[in-house]
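Note sheet for the following structure.
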Amino acid sequence: MSGNILEINDKNFESEVLKSDIPVLVDFWAPWCGPCRSIAPIIEELANVYLGKIKIGKCNVDDNQLVAAQYGIRSIPTLKFFKNGNIVNELVGMAPKPTLEKALNSLL
Amino acid sequence: MKPDYDVIIIGSGPAGICAGIYASRARLNTLIIEKGAIGGQIILSDCIENYPGFPEGINGYELMDKMASQAKNFGTNFESDEVISFDLSNQIKKVNLSNKIITAYSIIISTGASPKKLGTLGEDTYYGKGISFCATCDAPFYKNSVVAAVGGGDTAVQESIYLTKFAKKVYLIHRRDELRAAKILQEKAFSNEKIEFIWNSKVTQINGSSGVESITVQNLKTSNTQNLSIDGLFVWIGVSPNSSFLKNSLSLDKDGFIITNAKMETSVKGVFAAGDIRDTPLRQVSSAIGDGAIAAISAIHYIENIKK
């Protein structure tokens with residue numbers, strides 16, 4: 005994980021996502037998924053832009069099957085937006101950067 | 223007034239990136255705008271077997287990552303944004319992005335195409351919850367599961383074969399009684415024991431609760447329907463053009479693809495189209511690459527004449 009992206013896993017999901025003081029975007033991905041790798045630079049850029057305001061994390065569904073199963077992930081990339089422990093928005097597939105920005109801004 | 227760029231390329235699939243390489247090598251100030259993921263829809267492909275130079279085949283993402291690096295090495299600029307509309311009426315063309323306007327002498331449109339939807343009841347509800355267009359992304363979620371695929375072309379057959387690496391059974395549902403896919407793919411599919419073909423049929427309903435649980439399939443000859451219990455549904459029934467943002471600015475064919483000549487010129491001077499977005503008889507990486515090179519050369523000549 006590079007820069008300001010947080011690694012989200014089965015162990016820290018509750019503390020980092022569900023009990024977070026600020027909104028959280030979780031990018032569910034896997035190394036074998038081309039589109040996931042292709043959007044990674046955009047996610048990293050957004051993590052820098054929203055630093056301190058929205059937590060942005062990546063959850064590798066291969067390594068963290070408990071969380072992936074709990075949230076019924078069957079397509080990746082899937083982006084889930086959390087506020088106060090609840091899912092408030094969800095994007096499946098490759099979303100344009102302006103769409104991501106709009107979704108992030110609506111969390112603030 | 224000098225525009226922001228010499229040429230703006232919209233879309234970063236094989237056609238757009240190849241155009242970027244040629245334009246940048248001609249020392250044109252070149253920008254590629256991509257609204258989604260760099261590489262276009264081919265990054266959904268696990269293995270491209272018919273693009274020359276890779277005897278073992280190459281993964282779609284890997285290929286496009288290399289192409290993008292190649293363009294960047296020659297100075298092509300990339301920007302992640304969405305084109306909302308154009309003003310093509312003057313020599314300096316305006317491109318309206320989500321929150322700014324940029325200008326160029328020439329535009330190359332290589333926005334490609336997107337997988338067509340089935341148009342079946344329940345489809346939108348279950349996208350990401352059992353319905354997928356990307357086997358490389360989602361097949362690993364279906365280890366030892368039963369899945370269905372729809373289509374009969376290269377993508378449908380190749381990706382169904384890929385699905386059998388994970389799923390225990392793949393129903394391949396096709397509306398005709400023969401496949402359109404390349405013969406070599408047909409041979410592989412017919413000899414694969416995990417694939418069961420359901421001919422002359424279409425999916426009429428997708429059923430489930432929190433995710434897809436079954437589909438209703440109708441035989442188009444007998445009108446008989448059957449219910450198949452499945453865990454996932456993969457849809458590969460062709461593509462539709464990403465041309466809605468063009469509105470009436472260019473001549474399109476009846477299906478919405480951009481009409482071009484052999485030089486990739488569109489109905490507007492200085493605007494070119496390349497790859498899957500144009501009215502081409504073949505939508506493959508190899509043909510998109512050729513289109514991109516020709517479109518770039520046409521744009522280079524066009525800009526040289528303006529600057530004279």
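Protein sequence lines correspond, in order, to chains L and H. Residue 32 in the numbering used here sits at position 28 of the first sequence, with consecutive numbering throughout. Residue 466 in the numbering used here sits at position 244 of the second sequence, with consecutive numbering throughout. All C-beta atoms in this analysis are idealised placements derived from N, C-alpha and C, irrespective of residue type, glycine included. Here the structure is a predicted model, which is why all the values come from computation and not from measurement.
Provide the residue span of the alpha helix (DSSP H) that contains residue i, from first to last.
i: L:E48; result: 38-53
i: L:V71; result: 69-74
i: L:T103; result: 101-109
i: H:C269; result: Here H:C269 belongs to no alpha helix (DSSP H), and DSSP marks it neither H nor E.
i: H:N295; result: 282-295
i: H:Y227; result: Counting along the chain, H:Y227 falls outside any alpha helix (DSSP H), though it belongs to the beta strand (DSSP E) covering 227-232.
i: H:P236; result: 236-247
Would residue i and residue j qualify as a contact pair, given that the criterion is a beta-carbon distance under 7 angstroms?
i: H:G374; j: H:L401; result: yes
i: H:F388; j: H:K410; result: no
i: H:S471; j: H:L310; result: yes
i: H:L442; j: H:N422; result: yes
i: H:R247; j: H:F296; result: yes
i: H:N414; j: H:T386; result: yes
i: H:I511; j: H:C240; result: yes
i: H:A404; j: H:W458; result: no
i: H:G275; j: H:I254; result: no
i: L:I58; j: L:P27; result: yes
i: H:Y348; j: H:A370; result: no
i: H:G492; j: H:Y524; result: yes
i: H:I280; j: H:I270; result: yes
i: H:A290; j: H:I260; result: yes
i: H:S520; j: H:K476; result: no
Can you find a CB in chain H that lies within less than 7 angstroms of the CB of residue i?
i: L:C63; result: no
i: L:I26; result: no
i: L:S110; result: no
i: L:K101; result: yes
i: L:P35; result: no
i: L:I60; result: no
i: L:S79; result: yes
i: L:I12; result: no
i: L:V92; result: no
i: L:V96; result: yes
i: L:I9; result: no
i: L:I47; result: no
Chain L beta carbons: is any one of them nearer than 7 angstroms to that of residue i?
i: H:K339; result: no
i: H:T358; result: yes
i: H:K294; result: no
i: H:Y283; result: yes
i: H:G334; result: no
i: H:G258; result: yes
i: H:E304; result: yes
i: H:F388; result: no
i: H:G344; result: no
i: H:I239; result: no
i: H:K351; result: yes
i: H:S291; result: no
i: H:F467; result: no
i: H:F276; result: no
I need the boundaries of the beta strand (DSSP E) containing residue i, first residue and last residue.
i: H:Q448; result: 447-451
i: H:I254; result: 252-256
i: H:T482; result: That residue, H:T482, is in no beta strand (DSSP E); it is neither H nor E in DSSP.
i: L:V28; result: 28-33
i: H:D309; result: 305-309
i: L:N64; result: 59-64
i: H:K530; result: Note, H:K530: premise wrong, no beta strand (DSSP E); not H, not E.
i: H:L394; result: 391-395
i: L:V92; result: 90-96
i: L:L83; result: 82-87
i: H:G454; result: 454-457
i: H:V493; result: 493-495
i: H:E301; result: 299-302
i: H:S462; result: 461-463
Run the CB neighbour count on residue i, radius 10 Å, all protein chains shown included, and call it buried at 16 or more, exposed below.
i: H:E487; result: buried
i: H:M286; result: buried
i: H:H396; result: buried
i: H:K529; result: exposed
i: L:V53; result: exposed
i: L:D67; result: exposed
i: L:P35; result: exposed
i: H:N251; result: buried
i: L:V65; result: buried
i: H:P277; result: exposed
i: H:P236; result: buried
i: L:A72; result: buried
i: H:F363; result: buried
i: L:G7; result: exposed
Is the shortest distance between the beta-carbon of residue i and the beta-carbons of chain C less than 7 angstroms?
i: H:F456; result: Considering every chain present, this structure includes no chain C. Its protein chains are L and H.
**Q.** Sequence ranges, beta strand (DSSP E) only - wholly within the segment 397-441 of chain H, length at least 3
**A.** DSSP runs (the beta strand (DSSP E)) wholly in the segment 397-441 of chain H: 417-420, 423-430, 434-441.
Q) Counting only runs that start and end within the segment 316-373 of chain H, where is the beta strand (DSSP E) found for 3 or more residues in a row? A) Counting only runs of 3+ residues, the beta strand (DSSP E) found wholly inside the segment 316-373 of chain H occupies 323-331, 335-337, 368-372, in chain order.
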